[in-house]
Amino acid sequence: VQLQASGGGSVQAGGSLRLSCAASGNINNINFMGWYRQTPGSSRLLVAGITLNGKTTYADSMKGRLTISRDNAKNTMDLQMLSLKPEDTAMYFCNAAQGERPGGPYWGQGTLVTVSS
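Residue numbers (the numbering used here): 462 to 578.
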């Protein structure tokens with residue numbers, strides 16, 4: 462399974478960004494897909510995820526500002542982020558798992574989100 466992330470960039474506080482993740486390869490058994498973020502010296506934390514049947518989960522710190530969506534026919538996943546804050550600055554990684562739970566073994570290359578005040 463290969464995951465290709467895109468859509469990061471630099472925005473001012475209050476701005477928005479849309480991240481995309483395209484899956485390819487042996488994706489027949491992929492169920493959960495999600496976005497994690499990581500800052501230097503910290504672990505990767507799940508910010509949003511979605512299962513094959515559309516069940517979503519969001520981190521409390523970003524709930525209300527995120528919308529995750531998925532196109533199973535195109536094998537893509539998007540994350541719309543609104544009202545971004547400087548503390549949202551991080552490298553964002555897409556992730557895929559074969560079950561319905563997060564933390565699968567497949568990772569994209571990461572895309573940097575920078576929010577300035």
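Quick reminder that beta carbons are idealized off the backbone N, C-alpha and C, glycines included.
Computed from a predicted model, the values in this text were never measured in an experiment.
From residue i to residue j, what does the alpha carbon distance come to, in whole angstroms?
i       : j       : result
Ala-551 : Gln-473 : 14 Å
Leu-540 : Leu-478 : 8 Å
Gln-463 : Met-538 : 13 Å
Thr-517 : Thr-575 : 25 Å
Leu-480 : Gly-468 : 4 Å
How far does the beta strand (DSSP E) with residue i in it reach, from first residue to last?
i       : result
Gly-495 : 494-499
Asp-549 : It is not in any beta strand (DSSP E) - Asp-549 carries neither H nor E in the DSSP assignment.
Arg-526 : No beta strand (DSSP E) holds Arg-526; DSSP gives it neither H nor E.
Where does residue i land, buried or exposed, given buried means 16+ other C-beta within 10 angstroms?
i       : result
Asp-521 : exposed
Gly-495 : buried
Nearest chain D C-beta to residue i closer than 8 Å, yes or no?
i       : result
Thr-518 : Of the chains in the structure shown, none is chain D; there is only one protein chain.
Starting from residue i, follow its DSSP beta bridges and name the residues at the other end.
i       : result
Ser-477 : Partner(s): none; Ser-477 has no beta bridge.
Can you tell me which of the options puts its alpha carbon nearest to the alpha carbon of residue i?
i       : options                            : result
Gly-560 : Met-523, Asn-514, Ile-491, Thr-500 : Ile-491
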